[in-house]
Each structure stands twice: as structure tokens, then as C-alpha cells.
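Per the numbering used here, the sequence shown starts with residue 11, numbered consecutively.
Down below is the structure, laid out as C-alpha cells.
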Amino acid sequence: MEEEKTEKLPIDAKLLSDAIIALNISRRSVSLYPSDHPITRDSLEKAYQSLEKLFELRSTITLGIAKDVLMIDDYVLDRKNPVYKEFAAELHSKGIAAVTFISGLSIVELLQLHEMIVSRDAPVGQSLAEQIEKRGFNCIRLTPLDLSKFRFVEGGRRESATEATIWENYIYGLLEGKLTDNDAETMIINIPPEDIAGFINNRMAEDVSGESYDRVITTYLKRKEHSGIKPEMFTRFMSLVENLSPDLKRQFLTRAFNRPSLDTGEVEKLVGQLTSESLDKIIVLFREHSSIIPDSIRNLLDKLKISKAPKDFFDGEDGSQALIDDIEIDDNIRGLFREDHFRAFVSEDYKRELERMLKGTGTRTIMFMEEIEKECNDNVIDRKFSDLALELLETDTLSREDYLSLLTPILENVDNFLQTGRFTEVSEIYNTIYSQALSGRFREEASGMLDYYFRSKTFIERFIEAVKIWGRHNREGVLRLANVQKRYLLDPLFDALTDENDPAVRRFLLQVLGSLGSDMLAEAVKRLNDKRWFVVRNMIYLIREAGDIKYARHIRRFAKDPDNKICVEAVKTLMHFRTPDAFSHVKLYLQGEDPEMKEQLVRLAGQYKYTEAVPYLLELFKKKNILGTESYYKTSLVKALGEIGDPRALPDLMKLYRSKTFLYKSALEDLKTEIFRNLQNYPPDAAAPLLEAGLKSKNSEIRSICEKLMAGKGVEDVTK
């Protein structure tokens, strides 16, 4: 199984984390305070601003939910983060598999979403998603859990007795009448009746209306057209009743079997289809509550019980003793075949030996069958056939006609490989035929097949579509095939990148094009004139990854582009190439008024270790806002200065470390800790005073970092 992707998120990790934390805080605020309370208003405003920053990177943000885990695209977020876990668990408990926020979102929509999530009386699952849609939410979409995919495992249990699970919310919705018939039946079929009984015992109020009982009863005993009540649903209903408390058991039985619509003939047909074991349980249950069961149904069950009583193997149809081959068997002989006599004649050791032998044989048989199934898998067969056919192509005894005949099934196999994303196998077939086109016995035939099939428009379109679907699961195979076919794939890959809407697919296509190196640079430069900002940004990225300083002349004009995303990418590329004018752009934006550009350039200065930027970074570091609190940029500045490692920054860092404040103590403490997390790149002698001061800190993390650095170990050993 492919490992979960957690290292490199497809979006700014800090912004995403801030947004999720703000969303969870605002959700909790809505659950505790009125909508006009200052705490609620402030938390909603922060969540809204955090999402707005993400919308600058992409127009839609979709968070997937898997129990208490959050995902974005195909990346799993930090499983250990308690805020992520809490936010995911809350949405999961409401039957939500994904929530999508769309650019243009308003604070009012965000407030209403939280109000519906935290309300106990709100619907769940599909009903909740439909209600969101009916309210006219334009910028929030909910994807409900698909309950048909749920499976309950015997012996499974919840992690904690108090944990709210999704099916409990559905049962609550059923009792309250907030589920459609289809929703209720789908859930009922998948939940063990014993679990539902336990939930009803604990949650069903004493003064609940009779309609709540009827909703549960109707869900189980609903008539199907032409077939009446399903026997399996009737059996499950009786198992539910069997596990209820005495009072609830009486209520359910009374309302189920004294309804005017109950047809005795239908019940007779239904009970006739039940097993003897099921009948035993039902009769015992009815005898315990004989006063509330109609006489007609009770008599019917007694009659059917007699007719279903199991006969002895040696009993005749009329109850007399049996005849075998017309020879009457007396009671003594019949007794030898009883189970108790078998136990008497067969020792326990012998029985254990038999069981061991049978078990061993069964295990070996199962393992053998699994090996056969594995070897007979379609994918394995296709691969074996492909390998064999390719070997045959290289044999000296093959005639031209045989060679051409063999190519046909090989190419049919290529289609199968593309449909299942097996690009490595496709590249092996291509390389074999290509080598034969260069030096094989049938060079013309092999070369013609390359032109006719692998370089055809049909193959290239199929390949591109397969890459979109399967490429991320077989990256190596895609890159191998793309590099040998790059002459024919360049334009189609660029077109696919330009037209693709899925960010995850776009990222992979960028990786594929980037792997083609200088061969794709001319096309990337040509497409810099595209009117769409994301196309231009992607082309600048490709030029930076595969080009050199001579391509800077194509990028320079974008360093002052009005679109910040293009502008940042262009300045980053100039810094990457270390062009003479790169720092002038860094200085311009560090001293500018645009907070977004300033934040981005602070990070880039650290990333590319621009020592020329240190004075301007320190100038920002010393600034305070109107309230005298720490600057918005200081955490990023500390990190950037730490990446550069210029000792000129240390006096200001020491001054900040020694500072105190009566307000925002927690924020200041976090910032001080950040200083020591980024000390490893400074000259040891210059950083020594700060390390000595940190050794005396009351903060255990700061002390630990200083001890590690003084011992010559990296900070990463401490902060793991």
C-alpha cells in the first residue's frame, strides 16, 4: 500500500493550519455563546480572514474527513494534532465526509454552518447536506458519508464508551423523524440490532411520543411490493426487541402486533419462512408477554413451531421408527448413533487429533488456493504474457509474418496496461520495439509500429488521460515513458496542464514536464504570453526548475506584475538564478506597503540566504504596531534570520529574549522559543551569549535546545 503523504502539503502548511485552528475555535465559540457575543464575532472574523488567505492560493479548499483525520487532496494532515482531530471528529459525527469552502464565502454563511453543526436537533448526513443547499449557501458544500459503504464487524467496538458515532446520530434522527425512509432503512440494515437496542435503552426518553416507536417499527417491518415483510428484517426486529429494557420491550411489541394494518395471513406466510432457531426466540419472547400478543398470532406460532420441529434421522414421516432397506432398526442399534454414544466410544485424544489434522489440512488448502489465485490474477497473467511475447520478438527463428502477428496482441496488452496505470510495463514494451527499430531483424516493421501506434494521436490522448488518473501511483513509469516519447508528448502535456482544473493533477503534470529538462524550455517561454495567471506562474516555475540565468530575461518583466502570485514566482526565480538585479526587487518589497508581498519576501530571503537583506529584515524586526505588541512578521523574520545565520542579528535577538510584557505573554514566550529553534546556523562564538542565557531559562524546551547546541548536536534532534 502506498504510504500516506504527509511530508509536503499541496498548500501553504502554516496558512492551512491557522485556518483549521480558527475554524475549530469559531465552531466552539458558536456552541458556547450567542451569535452577537464579542467572542463569537472575533472568532468568526479570524476564521474568515484565515480562509481568505487560502483563497488567494486557490479558489476552493476541500477538507476530507475520515473519522478523526483531516485530508486535503491526497495528503493526510498531522494525525496527532488535537485540534485537527477534534474538528474532524465533530464533522464526522454529523455524517460529513468532506467540506468545501469556495472563494466568496461570507461570515454569515460560516456562522450558519457552525450553528447547524453544533445543534443537536439538526439533521445529519445527506439530510444536513440537502438543508445546507436549500438555505442557499453559495460558498459551502458538504459531502455526506456514503452509508452504503459502511460495514460492521462482529466483535468490533468503539474506542470509548462516550464517543459519539455517526450511526448514533442517524438513530437519533430516526427517532426524531429527521430521516427519509431510504436513509433510515440503509442505516438499519447495516447496524447490529443489539447496538441499536443499547442506544435506545440509553437515549429514548420516557415521555417520547408513540410516533417514535412507529418510525423504528415501520423501518423494520415495512411491506415490500409483492413480497410483504422481509423475513431477515423481521428477525432483526425481534432481536432488537429481545435486547430492549422490559418497559421498552412491552411498548414495541404492543405497537408492532396490535396495529390495525397487521394482516394475519401475511404474518403466517412470514413466520413460515423463518428458521426454527428464530421461531424459538420469538415464541419465548411472546410467552413472556402473552397478555399483549393477539391470540391469533400466538396460536399461529405454536402451530408452525410443531410443524418445524426437527425429526430424528431414524424417525419416519409419521413419527414411527425408521426402516432402512426395509429392515427395521431396533432401539439398541439406533442408540449407537446418538451423539452421546459417539462420545463414549471415541476418546478425547483421538478427537483432538482429528481436529488438528482437519485444521492443518484446511489451512494448507487455503494457503495453496491463495497462491493459485495470486498467480492467476489478471494483472500477473498480462505481465507474464507481455514478457513472453517480448522474448519471442527477439528470437532468430521468427518470420516477418509471425513478427507482425505477435505485435498485435502485444499492443492490445498496452491498452490494458494504460487503463490500469501500469506505465512501467508500457515503457518496457516501447523500449523493446524501439531497440528493434534501431538494430533488429525487422527494423522497418518495428519503426512503422512506433509511428502507427505509439506516436499516434489516439495513443497520446489515452496516455495523457491515464496519467491524470493513475500517474501519481506510478510516477517512475510515467517519467520513463515521457522521457523516451518527449518529442511527441511535449505539446499535449502542456495543453493538459493548461486545461486541468484539479490542483493535484496539475502538480503532477508539472513534475512530469520538469523531468523533461531543457527540452521543454522553449515551449514554456512561448506560453509566458498566456492571459491566465496560473498558466504564467506555472511556466515561470518550469523555467526556474530546468533553466539557467540566460532565461532570466524572459522572467524579469514579471517581477513587478500586478498579480502577486506571478510577481512572487518571478522574484523567486531571479533570486534562484542570482541575477544582479534580484536584490533590488527584494529590497523593494521588503520596504513596500503590501503585507502579503512583504511576508513572502521575508521567507524567500531566508530560503536563498540573502545576507544583503539582513539590514532590512532587522528594520522590520524592530518595528512595533500601534498597540506596542510584537510585529506580525516576527516569527517569519526569526526563521529567515536563522536560515541566513548572519551574526548581525544576534544583538536584536538577545534584546527580544530579555524583553518582558504584561500583555501577550504567551505569544512572546513562543517567539523567544522560536529564536533558539533557529540558532544552529549562527557562528558558535557569536551565539554563545544567547545560549548561555537560554541555559538559565525557565522554559524547558529552550534549555534543552541550548544543551544540545552546546554539545554540538542539531536543533532538529530537540524539536522532533
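A virtual CB, placed ideally from N, CA and C, is assigned to each residue, including glycine.
As the structure is a computational prediction, the values presented were derived from the model and not from experiment.
Outcome for residue i when other beta-carbon atoms lying within 10 angstroms are tallied against a minimum of 16
{"i": "Tyr462", "result": "exposed"}
{"i": "Lys159", "result": "With a pLDDT of only 45 at Lys159, under 50, the local geometry of the prediction cannot be trusted, and no value is derived from it."}
{"i": "Glu242", "result": "exposed"}
{"i": "Ile532", "result": "This sequence places Ala at residue 532; Ile is not what is there. Answer is exposed; the Cβ neighbour count stays below 16."}
{"i": "Arg37", "result": "buried"}
{"i": "Ile559", "result": "exposed"}
{"i": "Asn511", "result": "exposed"}
{"i": "Glu119", "result": "buried"}
{"i": "Ala57", "result": "buried"}
{"i": "Thr229", "result": "buried"}
{"i": "Arg668", "result": "exposed"}
{"i": "Ser415", "result": "exposed"}
{"i": "Ala23", "result": "exposed"}
{"i": "Leu346", "result": "Since pLDDT at Leu346 reaches only 49, below the 50 mark, its modelled position is unreliable, and no value is offered."}
{"i": "Thr468", "result": "exposed"}
{"i": "Ser103", "result": "buried"}
{"i": "Gln59", "result": "exposed"}
{"i": "Leu42", "result": "exposed"}
Rounded separation between residue i and residue j - CA only
{"i": "Tyr85", "j": "Leu26", "result": "12 Å"}
{"i": "Ala534", "j": "Ile550", "result": "8 Å"}
{"i": "Asn441", "j": "Gly487", "result": "12 Å"}
{"i": "Leu719", "j": "Leu705", "result": "11 Å"}
{"i": "Glu204", "j": "Glu438", "result": "56 Å"}
{"i": "Met664", "j": "Ala696", "result": "11 Å"}
{"i": "Ile206", "j": "Ala99", "result": "21 Å"}
{"i": "Ala623", "j": "Val596", "result": "8 Å"}
{"i": "Asp46", "j": "Glu62", "result": "22 Å"}
{"i": "Thr807", "j": "Leu250", "result": "Look at the range of the chain in this structure, 11 to 730, and you will see that residue 807 is not part of it."}
{"i": "Leu295", "j": "Arg260", "result": "10 Å"}
{"i": "Gly114", "j": "Cys149", "result": "6 Å"}
{"i": "Ser707", "j": "Arg713", "result": "6 Å"}
{"i": "Ile117", "j": "Glu471", "result": "44 Å"}
{"i": "Asn426", "j": "Leu138", "result": "41 Å"}
{"i": "Asp397", "j": "Leu403", "result": "10 Å"}
{"i": "Arg547", "j": "Pro133", "result": "43 Å"}
{"i": "Thr671", "j": "Val648", "result": "19 Å"}
{"i": "Leu155", "j": "Ile127", "result": "15 Å"}
{"i": "Gly602", "j": "Tyr626", "result": "11 Å"}
{"i": "Arg246", "j": "Phe209", "result": "15 Å"}
{"i": "Asp604", "j": "Ser710", "result": "38 Å"}
{"i": "Leu121", "j": "Arg68", "result": "22 Å"}
{"i": "Ser449", "j": "Arg542", "result": "46 Å"}
{"i": "Leu681", "j": "Thr645", "result": "6 Å"}
{"i": "Asn423", "j": "Tyr413", "result": "16 Å"}
{"i": "Phe518", "j": "Ser528", "result": "18 Å"}
{"i": "Phe433", "j": "Ile292", "result": "59 Å"}
{"i": "Phe147", "j": "Phe111", "result": "10 Å"}
{"i": "Ile420", "j": "Glu435", "result": "11 Å"}
Rounded distance between the beta-carbons of residue j and residue i, thought under 8 Å
{"i": "Ala108", "j": "Thr153", "result": "4 Å"}
{"i": "Lys95", "j": "Asp83", "result": "At roughly 19 Å, the Cβ-Cβ gap does not stay under 8 Å, so Lys95 and Asp83 are not in contact."}
{"i": "Ala476", "j": "Leu526", "result": "Going by Cβ atoms, the distance from Ala476 to Leu526 rounds to 18 Å, so no, they are not a contact pair."}
{"i": "Lys619", "j": "Glu579", "result": "Actually they do not touch by this definition, with Cβ atoms about 19 Å apart."}
{"i": "Val581", "j": "Leu614", "result": "7 Å"}
{"i": "Gly431", "j": "Asn484", "result": "6 Å"}
{"i": "Ala506", "j": "Ile474", "result": "5 Å"}
{"i": "Phe631", "j": "Asp662", "result": "6 Å"}
{"i": "Ile75", "j": "Ile106", "result": "6 Å"}
{"i": "Ala447", "j": "Leu460", "result": "6 Å"}
{"i": "Val522", "j": "Leu500", "result": "Not really, about 10 Å apart at Cβ, beyond 8 Å."}
{"i": "Leu80", "j": "Phe97", "result": "7 Å"}
{"i": "Thr508", "j": "Arg554", "result": "Going by Cβ atoms, the distance from Thr508 to Arg554 rounds to 18 Å, so no, they are not a contact pair."}
Per DSSP, cross-strand counterpart(s) of residue i
{"i": "Ala76", "result": "Val79"}
{"i": "Arg151", "result": "Thr110"}
{"i": "Ile71", "result": "Phe111"}
So does the region 682-697 actually touch the region 649-657, counting three or more Cβ pairs closer than 8 Å?
yes
Do three or more CB pairs link the region 582-602 to the region 552-568 at distances below 8 Å?
yes
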